[in-house]
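Trainee:
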Amino acid sequence: MSTTRVSSLFSKSKAAILVSGLLGLTAVPVWARHIEKHFKVDAHPIVTIHNPNGIITIKAWTKQEVLVMSDQTSDAIEVEADQANNRVDITTHAISDTASPADMRADYQVNVPEDADLQIHDDSGAVNVANVLGAMNVETIAAGVGMADTAGYTTVSTVNGSFQCLRCAGRIEVRSISGNIRLEDLRSSDVLAQTSTGNIVFNGQYLPNGSYRLKDYSGVVEVRFSPADSFDLSATSLKGKVNNEAKLEPSHHGFLPRVGNSLVGALNAGRARVEVTSFNGTINILKRN
Amino acid sequence: MSTINCTEFLHHIDEWIEGQEVPGARDHSRACADCRGLAEDLGTIRLAAVTLPEADPDPSPRIWTALRTQLEQEGLIRSVAPTRLPHRAGWFASIFSFVPRPALAAAYVGALVIAGVVLSGPVHMPTDQDRWRERTQRTSAELNAQLEAAEETAMASLTNFSPDLTADLRRNLSIVDNDIALCEKSVQESPESEIARDYLYNAYQQKADLLAQISERGEGR
């Protein structure tokens, strides 16, 4: 069940061109088409988005419906938003054989119920998600991914897009090749973050029995802690350095691996488990400012 | 007398150690010490995997099962294969649960081989470094051959991306290739190092995943 509003904003486009020309802002996209659709959904709806290029912004709201607003720059593509039972599928696809990669851009703003599950593919552009509590799977190539105040089981995969998570909870798995990973004020008990040449910053809570695994090849891994935090730490860089500001006690569980530069020990009661590994990058265990 | 060769045996090793009947596998296993050793190691890991308590809590599979169910109801898919394999879907498949893409199929067998080498350390410890080195070289060569085939397919799909994305993907492929080269060197120098083998294994996985992504996303454009 959906309602649709489609408006061709040619007059606005002309105005935008005029304003852009006057201001010299050639980077401002000129939208050829705006679509707005509403879908009534039940509890735990699933929302899927497949978009080759563009900015996707998803926010949770209190309504039991999904609102999809899209803007596209070219008439060579089509935005489809359809409902099948409790799932809403949103896709961008070419309708012309001559559609160029630049034509494939569509930006989305999507409002979803808090408990929605999301599956998002966006090759380039950006993906931003806020306040969604359902499970999320995001895959991008170059698009950066930003999340704030989310709480579901989250899996993110990028090639060179960055990932930033602010006040996120729930299990988090993020993998990238050259993207940076920044986990700020995290409240998760299970984190796996891996990148190859990107950097990793972990500055979150260490929940009792929590597991925090950070893995890098050649980037810098930075782990921030407060003196009152409680975790068992294992940090190993096979061919790089490990710098440490934590006053660690001999660990109850671990043992010192005889490879590379290793550091094993417990801070306070060692309630959480922190495992940091690098191939030839640097690991910094630093006090919070 | 063996009725299948090593490559064919490795293609079916998953079914074989699961106890399924694979024609010729028993004879080959008797005749080939290397394949027998690999099957034994993988069998031991399998057993350990099902008997050990799970370290991680079960992930919420709701999103995947719900998607699959709806897609099946709508007749959009017929297969029972999930979009993403849930935990314990299969002891070895679950290791690769985050790379279940079509282009991975070719690399899967090769990855199986390297996984046998990489993961079997604590179970099937060799008596000297030379054995590790030889085994790693052999399995790496096999895996590289599989990945080369997947790379050919992926490269054909690259033309479907924008020039910027194509450049990004090529650059990241180089990063992964460089990681593999560094890790291979490290494993050659210290073949007994578990962490070096783990990094090598992981780099291969990254490459398989990236190639699969290029093929899948390129085809969809």
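Protein sequences appear in the order of chains A and B. Reminder that position 228 of the first sequence reads as 228 in my numbering, one-by-one numbering, no gaps. In my numbering, each residue's number is its place in the second sequence (first place is 1) plus 1000. For glycine and all other residues, C-beta sits at the position ideal for the given N, C-alpha and C.
Which residues does DSSP list as the beta-bridge partners of valine 156(A)?
Mentor: The partner list for valine 156(A) (beta bridge, DSSP) reads Val138(A) and Val174(A).
Trainee: Under the rule that 16 or more other beta-carbon atoms within 10 Å means buried, what is proline 1102(B), buried or exposed?
Mentor: Interpretation of proline 1102(B) is limited by its pLDDT of 42, a score under 50 that renders its predicted location unreliable; the figure taken from the coordinates is listed afterwards. Result: exposed.
Trainee: Excluding the 5 residues flanking tyrosine 206(A) on each side, which residues of the same chain have their C-beta closer than 6 Å to its C-beta?
Mentor: Result list for tyrosine 206(A): Asp229, Phe231 and Ala272, in chain order.
Trainee: Report yes or no: do three or more beta-carbon pairs, one from the stretch 96 to 110 of chain A and one from the stretch 132 to 151 of chain A, lie closer than 8 Å?
Mentor: Not touching, per the Cβ criterion.
Trainee: Would you say the stretch 212 to 224 of chain A touches the stretch 174 to 193 of chain A, given that touching needs at least three Cβ pairs under 8 Å?
Mentor: Contact between the stretch 212 to 224 of chain A and the stretch 174 to 193 of chain A is present, because at least three Cβ pairs lie under 8 Å.
Trainee: Would you say the stretch 100 to 120 of chain A touches the stretch 40 to 53 of chain A, given that touching needs at least three Cβ pairs under 8 Å?
Mentor: With the cut-off at 8 Å, the stretch 100 to 120 of chain A and the stretch 40 to 53 of chain A touch.
Trainee: State the DSSP-derived secondary structure class of phenylalanine 231(A), mapped to helix, strand or coil.
Mentor: In this structure, phenylalanine 231(A) counts as strand in the three-state DSSP scheme.
Trainee: Check the Cβ of asparagine 1144(B) against every Cβ in chain A and list those closer than 7 Å, keeping chain order.
Mentor: The contacting residues do not exist; asparagine 1144(B) stays about 18 Å from chain A at best.
Trainee: Should leucine 1211(B) go down as buried or exposed, given a rule of 16 or more other Cβ atoms within 10 Å for buried?
Mentor: Classification of leucine 1211(B): buried, given that the 10 Å Cβ count is 16 or more.
Trainee: Measuring CB to CB, does alanine 60(A) end up less than 8 Å from asparagine 131(A)?
Mentor: Yes, they are a contact pair.
Trainee: Using a Cβ-Cβ cut-off of 8 Å, state whether leucine 238(A) counts as contacting chain B.
Mentor: Closer than 8 Å to some Cβ of chain B, the Cβ of leucine 238(A) qualifies, so yes.
Trainee: I want to verify the contact list: residues of chain A whose CB lies under 7 Å from the CB of isoleucine 1175(B), in sequence order.
Mentor: Result: Ile177, Ser178, Ser196 and Thr197.
Trainee: Spell out whether any CB of chain B is found under 8 Å from the CB atom of phenylalanine 231(A).
Mentor: So, not an interface residue.
Trainee: Less than 8 Å between CB atoms is the rule here; does asparagine 160(A) satisfy it with respect to chain E?
Mentor: The structure shown contains no chain E; its protein chains are A and B.
Trainee: Do the CB positions of valine 264(A) and serine 237(A) come within less than 8 Å of each other?
Mentor: Against a cut-off of 8 Å, the Cβ pair of serine 237(A) and valine 264(A) comes out as no contact.
Trainee: Listed in chain order, which residues of the stretch 115 to 146 of chain A have Cβ atoms closer than 9 Å to some Cβ of chain B?
Mentor: Cβ contacts with chain B: Asp117, Leu118, Gln119, His121, Asp123, Ser124, Gly134, Ala135, Met136, Asn137, Glu139, Ile141 and Ala142.
Trainee: With a cut-off of 8 Å on the beta carbons, I'd call serine 161(A) and valine 145(A) a contact; round off their distance for me.
Mentor: The amino acid at residue 161(A) is misidentified as serine; the sequence shows glycine. Their Cβ separation, rounded to whole angstroms, is 6 Å, which keeps glycine 161(A) and valine 145(A) in contact under 8 Å.
Trainee: Taking the Cβ atom as the reference point for each residue, do glutamine 978(B) and arginine 1133(B) lie within a distance shorter than 8 Å?
Mentor: The requested residue 978(B) does not occur in the structure, where chain B is confined to residues 1001 to 1221.
Trainee: Buried or exposed, going by whether 16 or more other CB atoms sit within 10 Å of the CB of aspartate 1058(B)?
Mentor: Confidence is the limiting factor: at aspartate 1058(B) the pLDDT is only 45, short of 50, which leaves the residue's position unreliable, though a coordinate-based value still follows. It is exposed - the Cβ of aspartate 1058(B) has fewer than 16 other Cβ atoms within 10 Å.
Trainee: Check whether chain B comes within 8 Å of proline 113(A), counting only Cβ atoms and requiring the distance to be less than that.
Mentor: Answer no: the Cβ-Cβ gap between proline 113(A) and chain B never drops below 8 Å.
Trainee: Span of the alpha helix (DSSP H) holding proline 1163(B)?
Mentor: Per DSSP, proline 1163(B) belongs to the alpha helix (DSSP H) from 1163 to 1189.
Trainee: Just the chain A side, please: which residues come within less than 9 Å of arginine 1217(B) by C-beta, in chain order?
Mentor: What arginine 1217(B) touches in chain A: Pro52, His121, Asp123, Glu139 and Ile141.
Trainee: So for alanine 60(A), helix, strand or coil by DSSP?
Mentor: Of the three classes helix, strand and coil, the one that applies to alanine 60(A) here is strand, per DSSP.
Trainee: Helix, strand or coil: how does DSSP classify glutamine 1020(B) here?
Mentor: Coil, per DSSP.
Trainee: In the stretch 263 to 280 of chain A, which residues sit with their C-beta less than 8 Å from some C-beta in chain B, listed in chain order?
Mentor: So the close ones are Thr277, Phe279 and Asn280.
Trainee: Run down chain B in chain order and give the residues with a C-beta less than 9 Å from the C-beta of proline 208(A).
Mentor: Within 9 Å Cβ-Cβ: nothing; proline 208(A) doesn't reach chain B, min ~14 Å.
Trainee: Note down the Cα distance separating threonine 140(A) from serine 157(A), rounded to an integer number of angstroms.
Mentor: Spanning the two alpha carbons is a distance of roughly 6 Å.
Trainee: Can you give me the Cβ contacts of arginine 175(A) inside the same chain, cut-off strictly under 6 Å, excluding the 5 residues immediately before and after it?
Mentor: Hits under 6 Å: Ser157 and Gln194.
Trainee: Name, in chain order, the residues that DSSP records as bridge partners for valine 41(A).
Mentor: According to DSSP, valine 41(A) bridges with nothing at all.
Trainee: In the DSSP assignment, what residue or residues form a beta bridge with isoleucine 95(A)?
Mentor: Answer by DSSP bridge pairing: none, since isoleucine 95(A) is not bridged.
Trainee: Lysine 1185(B): buried (16+ other C-beta within 10 angstroms of its C-beta) or exposed?
Mentor: It counts as exposed.
Trainee: In chain A, which residues lie with their C-beta within 7 Å of the C-beta of leucine 1158(B)?
Mentor: Result: empty, since nearest Cβ-Cβ is about 12 Å, beyond 7 Å.
Trainee: Using beta-carbon positions only, say whether alanine 142(A) and aspartate 117(A) come within less than 8 Å of one another.
Mentor: It is not a contact, given that the beta carbons lie outside the stated cut-off.
Trainee: In chain A, which residues lie with their C-beta within 7 Å of the C-beta of alanine 1196(B)?
Mentor: Going along chain A in sequence order, the residues near alanine 1196(B) (Cβ under 7 Å) are Leu238.
Trainee: Just to confirm my understanding: we take asparagine 1172(B), look at its own chain, exclude 5 residues before and 5 after, and list those with CB closer than 7 Å. What are they?
Mentor: Cβ neighbours of asparagine 1172(B) beyond the five flanking positions: Leu1210.
Trainee: Who pairs with phenylalanine 202(A) in a beta bridge, going by DSSP?
Mentor: Partner(s): Leu183(A) and Val223(A).
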